[in-house]
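Undergrad: Take a look at this one; I'll ask things after.
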Amino acid sequence: MKSKRIYEIESFIKENKTASIEELRQIFKVSINTIRRDVNQLVDMNVVKKVYGGIELIEDSHRAVDYYKRNIENYKSKKHIGELASNEIKTNDIIYIDTGTTTIHMLDYVDKNLTFTIITNSLDIMNKASQFDNVTLFIIGEKYKPRTRSFIGIGSNMLLEKFNINKCFMAATGVNVQNGLSNSEMEENLIKQYITSKANETYILADHSKMGKSTLLTYCDLTDINKMFTDKLPPKDINQFCNEQNISIHF
1 MKSKRIYEIE SFIKENKTAS IEELRQIFKV SINTIRRDVN QLVDMNVVKK
51 VYGGIELIED SHRAVDYYKR NIENYKSKKH IGELASNEIK TNDIIYIDTG
101 TTTIHMLDYV DKNLTFTIIT NSLDIMNKAS QFDNVTLFII GEKYKPRTRS
151 FIGIGSNMLL EKFNINKCFM AATGVNVQNG LSNSEMEENL IKQYITSKAN
201 ETYILADHSK MGKSTLLTYC DLTDINKMFT DKLPPKDINQ FCNEQNISIH
251 F
């Protein structure tokens, strides 16, 4: 019979997809040996697999439903954030729109006659952009990933080197002062890293549930962003940090 903590760890991993052993130890306030025993039990149950320094949720053919579940969580807030960020898109901009359940709402609020260029690895952004008569659309990625409805691939960065990006609109599963913007997908993380280092300006779109969190992989320091779009005032440490770094917060 599973203990309450095992259930809680399982729930945490299903929500966050990955976690380090040290992160779990701190969250559940137990010894490192106890966490390792719990992890071994979850491995035996075929819920997770071990990766370097931590564990990762085992994905199966039914896991794609996670995207739709995430999409309806905080739906109104995500729509609001998408609308706020859409005001940053101007004529002749060259922008990158990240895969995510918040960024997908941006194009719902953009003038269909606006002339600009979109670069994306998101299937949903691609579909919405196809409705714009004056948009130039570039898709990056060589392989489709159903669970995140995104395109990934090691050749993506080679293609990205050729683009001059004015603004990138990014998603994250965690926004944290210490660890910056993070996500849990290795192949997507590599693309995110390259985009944020390449773009002239970086904007993060994240609702309150992402604030203060840190997931497996950092792709951008908080100091590297220019604007934050969210649904309410962030926690005190993030708010103070943004003020000190002249990062504007919009909610």
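Under UniProt numbering, read the sequence shown as residues 1 to 251, first letter to last. Backbone N, C-alpha and C fix where the C-beta goes; we use that ideal spot for every residue, glycine too.
Kindly confirm or deny that the segment 182-201 and the segment 213-223 touch, where touching means at least three C-beta pairs closer than 8 Å.
TA: Counting Cβ pairs under 8 Å, three or more are found: they touch.
Undergrad: Nearest to Tyr75 by CA position, among Asp221, Thr102, Lys112 and Ile94, is which residue?
TA: Tyr75 has its Cα closest to that of Thr102, out of Asp221, Thr102, Lys112 and Ile94.
Undergrad: Using three-state DSSP, classify Gly174 as helix, strand or coil.
TA: It is a strand residue.
Undergrad: Which two residues bound the contiguous alpha helix (DSSP H) that contains Ser11?
TA: Run containing Ser11: Lys4 to Asn16, per the alpha helix (DSSP H) assignment.
Undergrad: Look at the alpha carbon of Leu222 and the alpha carbon of Ala199, and state the distance between them as a whole number of angstroms.
TA: Straight-line Cα distance between these residues: approximately 15 Å.
Undergrad: Would you mind working out which of Ile94, Asn179 and Ala85 sits nearest Leu137, comparing C-alpha positions?
TA: It is Ile94 whose Cα lies nearest to the Cα of Leu137.
Undergrad: Let me confirm a value: Ser31 is counted as buried when at least 16 other C-beta atoms fall within 10 Å, else exposed. Which label applies?
TA: Exposed, because fewer than 16 other Cβ atoms sit within 10 Å of the Cβ of Ser31.
Undergrad: Pick out whichever of Glu244, Ser209, Ile225 and Ser248 has its Cα sitting closest to the Cα of Glu15.
TA: The residue with the shortest Cα to Cα distance from Glu15 is Ser209.
Undergrad: With a CB to CB cut of under 6 Å and the five nearest residues on each side skipped, what residues in its chain are close to Ile195?
TA: Within the same chain, Ile195 has close Cβ partners Tyr96 and Cys168.
Undergrad: In the DSSP assignment, the beta strand (DSSP E) including Thr218 goes from what residue to what residue?
TA: Looking at the DSSP string, the run of the beta strand (DSSP E) that includes Thr218 is Leu217 to Cys220.
Undergrad: Closer than 7 Å: is that where the CB of Lys162 sits relative to any heavy atom of the ligand SAH?
TA: Looking for the ligand SAH in the displayed structure turns up nothing, as the structure carries no ligands at all.
Undergrad: Between which two residues does the alpha helix (DSSP H) containing Ser86 stretch?
TA: Tyr75 to Ser86 is the span of the alpha helix (DSSP H), which, as asked, contains Ser86.
Undergrad: Do Ser86 and Val48 have their C-beta atoms closer together than 8 Å?
TA: It is not a contact, given that the beta carbons lie outside the stated cut-off.
Undergrad: Classify His62: buried if its beta carbon has 16 or more other beta carbons within 10 angstroms, exposed otherwise.
TA: For His62, the predicted model reports a pLDDT of 39, less than 50, meaning its position is unreliable and no value from the coordinates is stated.
Undergrad: Relative to the alpha-carbon of Gly100, which residue among Thr18, Arg25, Ser77 and Arg149 has its alpha-carbon at the smallest distance?
TA: Among Thr18, Arg25, Ser77 and Arg149, the Cα nearest to that of Gly100 is on Arg149.
Undergrad: How would you call Pro146, buried or exposed, if buried means at least 16 neighbouring beta carbons within 10 angstroms?
TA: Pro146 should be labelled exposed.
Undergrad: Using 10 angstroms around the beta-carbon of Glu22, count the other beta-carbons present and answer buried if the total reaches 16, otherwise exposed.
TA: Label assigned to Glu22: exposed.
Undergrad: Taking all protein chains shown into account, decide if Glu188 is buried (16 or more other Cβ within 10 angstroms of its Cβ) or exposed.
TA: Counting Cβ neighbours within 10 Å, Glu188 comes out buried, since at least 16 surround it.
Undergrad: Within the continuous beta strand (DSSP E) that includes Leu205, where are the two ends?
TA: Here the beta strand (DSSP E) through Leu205 covers Glu201 to Leu205.
Undergrad: In three-state DSSP terms, what is residue 264?
TA: Outside the shown range of the chain (1 to 251) lies residue 264, about which nothing can therefore be said.
Undergrad: How about Leu24 and Ile6: do their beta carbons lie closer than 8 Å?
TA: In this structure, Ile6 does not lie closer than 8 Å to Leu24 by Cβ.
Undergrad: Identify the continuous beta strand (DSSP E) that holds Ile55 and give its terminal residues.
TA: Run containing Ile55: Gly54 to Leu57, per the beta strand (DSSP E) assignment.
Undergrad: Rounded to the nearest angstrom, how far is the Cβ of Tyr203 from that of Ile225, given a contact under 8 Å?
TA: Confirmed, about 7 Å.
Undergrad: Taking 8 Å as the limit between beta carbons, can you name the residues of its chain near Ser130, skipping five residues before and five after?
TA: Excluding sequence neighbours, Ser130 sits near Leu137.
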